[in-house]
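Here the working numbering is used: the first residue of the sequence shown is 36, the next is one more, and so on. Ideal Cβ placement from N, Cα and C applies to all residues, glycine included.
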Amino acid sequence: MAKLQAEADAKGKSSFAFAYYMDTCKEERERGVTIQCNTKEFFTDSYHYTIVDAPGHKDYIKNMITGSGCADAGLILVPAEKGGFEAAIAKADPKIGVDEGQTRQHARLLFLLGIEQIVVGVNKMDSCDWSEARYNEIKDEFIKMITQIGFRPKRVPVIPYSGFNGDNLVARTDKAPWYKGWKANLNKDTVIEGYTILDALEKLIKPPKRNPTAPLRIPISNIYNIKGVGQIICGRVEQD
């Protein structure tokens, strides 16, 4: 991280050091936006996770769809800062020149891709001094939006956190005494509780059932022609 921080400082983007961990290509770091889907892995006692960092910029929505199509679950992050959240979930209005918010569009695309398991993180809570009122405002609006899209709201935890400071990512923060944790329905008979984003990934998200005895099926996302190697087919194994 020290090396990434030094590079971010040199580019005049000190707050982008964590983003550089996932944004590895030169153009991404210079422009300060995610362009391609990058992956990183981490392990817990329960699972081996692969994170697909999908771009949020509207110019790279095709890349977002490609990356999201490989996912078993979605982690949707929205900003708590005033104006940022409102822009993220804005409804399109061509009459006044308002584009559809990218988070609204991404949530709909996840649903259309068949990704029913989602966790919502309200990021940058430090920008509103961990305001309970602001969190509740965002939670109510977001739950309303995803319900209209087709998600089951009782299965979706909405978690306040600060990615930059690490609050409520892995360990519970003491900056929000009003926050008593989240509850979500795993099924009609089981209610899951937790505090952090990691809790939601570990306790609530379940790997989809695979069929190891069925014929091989791989939706193809791309084909690369590499000199001296030949064609390399990229996709996700749905059945093997």
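### Query
How would you write the range of the beta strand (DSSP E) that Asp88 sits in, first residue to last?
For Asp88, the enclosing beta strand (DSSP E) starts and ends at 83 to 88.
### Query
By Cβ distance below 6 Å, which residues in the same chain neighbour Pro114 in space, the five residues on each side in sequence not counted?
Its chain contains Phe120, Asn158, Lys159 as the residues whose beta carbon lies nearer than 6 Å to that of Pro114, once the 5 sequence neighbours on both sides are disregarded; these appear in chain order.
### Query
If we ignore side chains and look at the alpha-carbon of each, how far apart do Phe186 and Ile150 end up?
CA-to-CA, the gap between Phe186 and Ile150 works out to about 9 Å.
### Query
Quick one: Cα of Cys269 to Cα of Asp224, how far?
Cα-Cα distance, rounded: 39 Å.
### Task
Indicate whether the contact test is met: 3 or more Cβ pairs, each with one atom in the segment 101 to 110 and one in the segment 235 to 243, closer than 8 Å.
Inter-segment contact for the segment 101 to 110 and the segment 235 to 243 is present: three or more beta-carbon pairs are separated by less than 8 Å.
### Task
Would you mind working out which of Asp94, Asn257, Leu233 sits nearest Gly156, comparing C-alpha positions?
Comparing alpha carbon positions, the residue from Asp94, Asn257, Leu233 closest to Gly156 is Leu233.
### Task
Determine the contact status of Asp134 and Ala142, defining contact as a CB-CB distance below 7 Å.
With contacts defined by Cβ atoms closer than 7 Å, Asp134 and Ala142 do not form a contacting pair.
#### Entry: Contacts around Ile181, its chain only, beta-carbon distance under 7 Å, and the 5 residues preceding and following it disregarded
So the qualifying residues of the chain are Ala142, Pro188, Val191.
### Message
Cutting at 8 Å between CB atoms, please list the residues of its own chain near Gln266, excluding the five before and the five after it.
### Response
Taking Gln266 as the centre and dropping the five residues before and after it, the same chain places the C-beta of Ile258, Tyr259, Asn260 closer than 8 Å to its C-beta, in chain order.
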